[in-house]
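Novice:
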Amino acid sequence: MSKTVLVINAGSSSIKYQLTDPVDGTAVASGIVERIGEDMGIVTHKYNGESHTTELVIADHGVGLRKVLELFEQYGPDLEEAGIVAVGHRVVQGGSVFPGPTVITDEVVEQIRGLIPLAPLHNPGHVRGIEVARELFMQVPHVAIFDTSFFQTLPAEAYTYALPKEITQKFAIRRYGFHGTSHQFVSREVANVLGLPNEEVSQIVLHVGSGASVSAVQNGRAVETSMGLTPLEGLVMGTRTGDIDPAVIFHLYRTEGLSIDEIDTMFNKQSGLKGMAGQNDFRELLRLIDEGSADAKLALDVFVHRLVKYIGSYMAVLGGLPNAITFTAGVGENNALVRQMVADRLAGFGIALDPALNEVRSGEPRIISTPDSTVKILVVPTNEELEIARQTVAKIAE
Ligand code: AMP
Numbered sequence: 000m001s002k003t004v005l006v007i008n009a010g011s012s013s014i015k016y017q018l019t020d021p022v023d024g025t026a027v028a029s030g031i032v033e034r035i036g037e038d039m040g041i042v043t044h045k046y047n048g049e050s051h052t053t054e055l056v057i058a059d060h061g062v063g064l065r066k067v068l069e070l071f072e073q074y075g076p077d078l079e080e081a082g083i084v085a086v087g088h089r090v091v092q093g094g095s096v097f098p099g100p101t102v103i104t105d106e107v108v109e110q111i112r113g114l115i116p117l118a119p120l121h122n123p124g125h126v127r128g129i130e131v132a133r134e135l136f137m138q139v140p141h142v143a144i145f146d147t148s149f150f151q152t153l154p155a156e157a158y159t160y161a162l163p164k165e166i167t168q169k170f171a172i173r174r175y176g177f178h179g180t181s182h183q184f185v186s187r188e189v190a191n192v193l194g195l196p197n198e199e200v201s202q203i204v205l206h207v208g209s210g211a212s213v214s215a216v217q218n219g220r221a222v223e224t225s226m227g228l229t230p231l232e233g234l235v236m237g238t239r240t241g242d243i244d245p246a247v248i249f250h251l252y253r254t255e256g257l258s259i260d261e262i263d264t265m266f267n268k269q270s271g272l273k274g275m276a277g278q279n280d281f282r283e284l285l286r287l288i289d290e291g292s293a294d295a296k297l298a299l300d301v302f303v304h305r306l307v308k309y310i311g312s313y314m315a316v317l318g319g320l321p322n323a324i325t326f327t328a329g330v331g332e333n334n335a336l337v338r339q340m341v342a343d344r345l346a347g348f349g350i351a352l353d354p355a356l357n358e359v360r361s362g363e364p365r366i367i368s369t370p371d372s373t374v375k376i377l378v379v380p381t382n383e384e385l386e387i388a389r390q391t392v393a394k395i396a397e
């Protein structure tokens, strides 16, 4: 182990962490603090192939992170020997304020706090995590890596909503895009696999996990993405609607008297695959389909249809067939059926999967299209922690 970055992803009631070697990509140790602020909390620490779980009341993020330090002492690795050079924090919403990785100062913390109205579900937890981590790891720089930064290159016609200009300006309403760290990591990996300079690749990246988003990346720069002001827009997700006519909100409000908060919860937490079929986990959805559930089959079809619609529109945005279409994240990396269903719908473009390659299970980036497919289809495992670690190290070296 040479030098490492401690990558922290703090949510409202959880803190994920990973001690990462930014050079060889090794996850030296990792873990998660869960159920902060609940009756009973839980911390899981993983090192050397072993997993250690502790239950305790975790009143706040400070208690949680102090427990993590204890677990490092108890089970290893030794944090002195780990040579932590910096802490990299994942931050979901950087607004238009942060176009790239940013060394965290008191002022930056206040700016991230100032973006809470744009990301009420995410930024409050990030701020708490950052504040606590800065106290516990005072000796090293802390860097914020924003999910939105990669999409700050979107052209105005892609990020502007057709609302009154005074409104979009006053409330900073625009499409920001999310999962940027993943799209950035994966799109660069694609260029490596194709053996082409990133600056010459035209590609579409499908990040399909419990949250899901598509991006169009041209010559290393993002030109379109499916998530918007918040991660609600775009693809069908585990529990989110994705694209929907906003008039559904007016209708539910007027006819059912539902409150804005109730509709917010419905659209973010009770919709998507869960809303249509009762299950947000893809493996469970497939089990329901095997058992003959018509709802689950329809949910899968809606999910695939939305993906195909986005791919088609992004090919138009890119002005022609891209070099590559790539699947990543939980479903994209692991589910051959979805990949096959998507590819079948694109056959009219001369796009074809090799069924045998599609079935191969591997943790490696790989091409799964036939040699004569007009577009290369790839599977590339995403690694947001490694991307955060790399960007953190690059930032502090500036
Ligand atoms: P993520 O948000 O990227 O962790 O992805 C979570 C989603 O990936 C869940 O819907 C899981 O059911 C799905 N997933 C994970 N592993 C598999 C697998 N082996 N086969 C099918 N789906 C999977």
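With numbering that gives the first Met the number 0 applied, the sequence shown covers 0 to 397. C-beta: ideal position from N, C-alpha, C; glycine also.
Please list the terminal residues of the continuous alpha helix (DSSP H) segment that includes residue 151.
Specialist: Position 152 of the sequence shown, counted from the start, is the residue given in the question as residue 151. For residue 151, there is no enclosing alpha helix (DSSP H), since its DSSP letter is neither H nor E.
Novice: Tell me whether the segment 367-379 and the segment 177-189 touch, counting them as touching only if at least three CB pairs, one residue from each stretch, are closer than 8 Å.
Specialist: By the criterion of at least three beta-carbon pairs nearer than 8 Å, the segment 367-379 is in contact with the segment 177-189.
Novice: Would residue 360 be called buried (16 or more neighbouring beta carbons within 10 Å of its own) or exposed?
Specialist: Numbered from its first residue, the sequence shown carries residue 360 at position 361. The residue in question, residue 360, is exposed, as its Cβ has fewer than 16 Cβ neighbours within 10 Å.
Novice: Within the same chain, show all residues whose beta-carbon is closer than 8 Å to that of residue 36, passing over the 5 residues directly before and after it, in chain order.
Specialist: As a working mapping, residue 36 is identified with position 37 in the sequence shown. Here the set comprises 12, 57, 58, 59.
Novice: Should residue 327 be labelled buried (16 or more other beta-carbon atoms within 10 Å of its own) or exposed?
Specialist: The residue given as residue 327 occupies position 328 in the sequence shown. Counting Cβ neighbours within 10 Å, residue 327 comes out buried, since at least 16 surround it.
Novice: Counting C-beta neighbours from all protein chains within 10 Å, is the total for residue 149 16 or more, i.e. buried, or is it exposed?
Specialist: Within the sequence shown, residue 149 is the residue found at index 150, counting from 1. So residue 149 ends up on the buried side.
Novice: Any idea if residue 31 is buried or exposed, counting beta-carbon neighbours within 10 angstroms, 16 or more meaning buried?
Specialist: Along the sequence shown, one-based indexing puts residue 31 at 32. When all chains shown are included, residue 31 counts as buried.
Novice: What I want to know is whether the C-beta of residue 333 ends up closer than 7 Å to one or more non-hydrogen atoms of the ligand AMP.
Specialist: Position 334 of the sequence shown, counting from 1, holds the residue named residue 333. Yes, Cβ of residue 333 sits closer than 7 Å to a heavy atom of the ligand AMP.
Novice: Using three-state DSSP, classify residue 171 as helix, strand or coil.
Specialist: Within the sequence shown, residue 171 is the residue found at index 172, counting from 1. In this structure, residue 171 counts as coil in the three-state DSSP scheme.
Novice: Mark residue 8 as exposed unless 16 or more other C-beta atoms lie within 10 angstroms of its C-beta, in which case mark it buried.
Specialist: Sequence index remark: in the sequence shown, residue 8 carries index 9 (1-based). Flag for residue 8 reads buried.
Novice: Residues bridged to residue 220 by DSSP?
Specialist: Locating residue 220 in the sequence shown gives position 221, counting from the first residue. As computed with DSSP, residue 220 is found in a beta bridge with 217.
Novice: Between the segment 150-164 and the segment 112-129, do at least 3 Cβ pairs fall closer than 8 Å?
Specialist: No: the two stretches stay apart, fewer than three of their Cβ pairs being nearer than 8 Å.
Novice: Just tell me which of 248, 272, 273 has its CA closest to the CA of residue 261.
Specialist: The residue you call residue 261 lines up with position 262 of the sequence shown. For the residues 248, 272, 273, the minimum Cα distance to residue 261 belongs to 248.
Novice: How about residue 209: is its Cβ closer than 7 Å to a heavy atom in the ligand AMP?
Specialist: What you label residue 209 is simply residue 210 of the sequence shown in a count that begins at 1. Under cutoff, so the answer is yes.
Novice: From the DSSP output, which residues share a beta bridge with residue 410?
Specialist: In the structure as shown, the chain begins at 0 and stops at 397. Residue 410 is therefore absent and cannot be evaluated.
Novice: Candidates 26, 363, 182, 396: which alpha carbon is nearest residue 3's?
Specialist: Residue 3 sits at position 4 when you count from the first residue of the sequence shown. The option with the nearest alpha carbon to residue 3 is 26.
Novice: How about residue 317 and residue 181: are their beta carbons less than 8 Å apart?
Specialist: The sequence position of residue 317 within the sequence shown is 318, counting from 1. The sequence position of residue 181 within the sequence shown is 182, counting from 1. The answer is no: Cβ separation not under 8 Å.
Novice: Is residue 184 near the ligand AMP, going by C-beta to nearest heavy atom under 7 Å?
Specialist: Taking the first residue of the sequence shown as 1, we reach residue 184 at position 185. No; taking the cut-off as 7 Å, the Cβ of residue 184 has no heavy atom of the ligand AMP nearer than that.
Novice: Please list the terminal residues of the continuous beta strand (DSSP E) segment that includes residue 143.
Specialist: Position 144 of the sequence shown, counting from 1, holds the residue named residue 143. Unbroken beta strand (DSSP E) run through residue 143: 141-145.
Novice: If you compare alpha carbons, which of 116, 91, 296, 259 is closest to residue 337?
Specialist: Reading the sequence shown from its first residue, position 338 is the one you call residue 337. Nearest of 116, 91, 296, 259 to residue 337, Cα basis: 296.
Novice: When the Cβ atoms of the segment 339-352 are set against those of the segment 222-239, are three or more pairs found closer than 8 Å?
Specialist: no
Novice: List, from N- to C-terminal side, the alpha helix (DSSP H) runs of 4 residues or more that fit wholly inside the segment 330-368.
Specialist: 335-344, 354-358
Novice: What beta strand (DSSP E) runs, 3 residues minimum, are completely inside the segment 267-334?
Specialist: 323-327
Novice: In the DSSP assignment, the alpha helix (DSSP H) including residue 80 goes from what residue to what residue?
Specialist: Taking the sequence shown and counting its residues from 1, one reaches residue 80 at position 81. Per DSSP, residue 80 belongs to the alpha helix (DSSP H) from 78-81.
Novice: Am I right that residue 185 and residue 143 are in contact with their C-beta atoms under 8 Å? What's the rounded C-beta distance?
Specialist: Within the sequence shown, the letter at position 186 stands for residue 185. Within the sequence shown, the letter at position 144 stands for residue 143. For residue 185 against residue 143, the beta-carbon gap comes to about 21 Å, at or over 8 Å, which does not count as contact.
Novice: Do the CB positions of residue 271 and residue 240 come within less than 8 Å of each other?
Specialist: Your numbering for residue 271 matches position 272 in the sequence shown. Your numbering for residue 240 matches position 241 in the sequence shown. Yes, the pair counts as a contact, with Cβ atoms nearer than the cut-off.
Novice: Indicate the three-state DSSP secondary structure (helix, strand or coil) for residue 14 in the structure shown.
Specialist: Translated into positions along the sequence shown, residue 14 becomes position 15. Looking at residue 14 - three-state DSSP - the assignment turns out to be strand.
Novice: Would you mind sorting residue 250 into buried or exposed? The rule is 16 or more other CB atoms within 10 Å of its CB.
Specialist: Your numbering for residue 250 matches position 251 in the sequence shown. It counts as exposed.
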